[in-house]
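Structure record follows, encoded as structure tokens.
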Amino acid sequence: MTGLATLLVLADGRLPAGGHAHSGGLEAAVTGGRLRDLTGLAGFLRGRLGTTGRVTAAFAAAACAAVTGDPDGHRLDALDEGLDARTPSPALRRASRAQGRALLRAGRAIWSVDPARRDRHHPVALGIVAATAGLAPVEAALAGAYGTVSGPASAAVRLLGLDPYAVHALLAELAGPCDRLAALAAAGADDPVDRLPADSAPLLEIGAEVHASWEVRLFAS
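Put into structure tokens, the structure is as follows:
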């Protein structure tokens, strides 16, 4: 891979792209009593990586690959529509697009992303920003896969008061699976949208709708 320092910047949770405001469904799981400790978090992260992470990695890689060969944005439009179809929850669709807009805004400020690219689902926006920053599809996929677990992991420290060293040990254990997901995503980056992964987590979808109805919450999603 190339551009490793750029990849670190893109995957950094401190990037001003709004990721810190989202828990990836973890707040709903904690409040609902489904997640209480480090063991529960480990299972949550593995499940999220195998569902949302797999889809995010695939679509980020596909969007990254599409940028240079898709001047009219037709492939990107199709990827966006594919993510709509894979996201039954309106609350999650809104959250994904909000994060996508925030990431594109950061991309315009940092890497001169085309200002015409304004409203995309987060995985598609991630691929666009990665390509503009000079990264390859496998790197876009890796940033996407890692982000689907690092965000909830950080939220778990805040919501449950877990030992941050132990939480980061979980993230270290998922490094290999993230690498493998990224490689698979890059290998299928040019596949038709209908052939890209469509893994789902129905409980997260339901939890997102419940979470969106709360008047008081720490995270946006």
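Quick note: the sequence shown uses the numbering used here, first residue 11, plus one each step. Ideal placement from N, C-alpha and C gives every residue a C-beta, glycine not left out. Here the structure is a predicted model, which means the values were calculated and not measured.
Contact check, residue i vs residue j, beta carbons under 9 angstroms
| i | j | result |
| --- | --- | --- |
| residue 33 | residue 212 | no |
| residue 191 | residue 67 | yes |
| residue 221 | residue 97 | no |
| residue 47 | residue 172 | yes |
| residue 93 | residue 134 | yes |
| residue 86 | residue 95 | no |
| residue 139 | residue 102 | no |
| residue 74 | residue 199 | yes |
| residue 181 | residue 55 | yes |
| residue 80 | residue 110 | no |
| residue 201 | residue 61 | no |
| residue 99 | residue 183 | no |
| residue 53 | residue 89 | no |
| residue 27 | residue 115 | yes |
| residue 207 | residue 64 | yes |
Under the three-state DSSP convention, the category residue i falls into
| i | result |
| --- | --- |
| residue 126 | coil |
| residue 37 | helix |
| residue 225 | coil |
| residue 211 | coil |
| residue 160 | helix |
| residue 11 | The pLDDT assigned to residue 11 is 46, lower than 50, so where the model puts this residue is not dependable, and the model offers no usable value. |
| residue 154 | helix |
| residue 29 | helix |
| residue 133 | helix |
| residue 145 | coil |
| residue 184 | coil |
| residue 245 | No answer is possible for residue 245: it lies beyond the span of the chain, which begins at 11 and ends at 231. |
| residue 44 | coil |
| residue 18 | helix |
| residue 176 | helix |
| residue 198 | coil |
| residue 53 | helix |
| residue 217 | helix |
| residue 170 | helix |
| residue 23 | coil |
| residue 59 | helix |
| residue 76 | helix |
| residue 68 | helix |
| residue 230 | coil |
| residue 205 | helix |
Assumed close pair residue i, residue j - CB separation to whole angstroms, cut-off 8 angstroms
| i | j | result |
| --- | --- | --- |
| residue 131 | residue 107 | 6 angstroms |
| residue 17 | residue 166 | Actually they do not touch by this definition, with Cβ atoms about 24 angstroms apart. |
| residue 29 | residue 217 | Wrong, their Cβ atoms sit about 19 angstroms apart, outside the cutoff. |
| residue 78 | residue 117 | Residue 78 to residue 117, Cβ: 16 angstroms. No contact. |
| residue 153 | residue 38 | Not confirmed; about 25 angstroms, so no contact. |
| residue 51 | residue 177 | 7 angstroms |
| residue 147 | residue 59 | Not confirmed; about 18 angstroms, so no contact. |
| residue 160 | residue 23 | 6 angstroms |
| residue 151 | residue 119 | Contact doesn't hold; Cβ gap of about 23 angstroms is too wide. |
Could I get the ranges of all uninterrupted beta strand (DSSP E) runs contained in the stretch 80-126, with 3 residues as the minimum, in chain order? none
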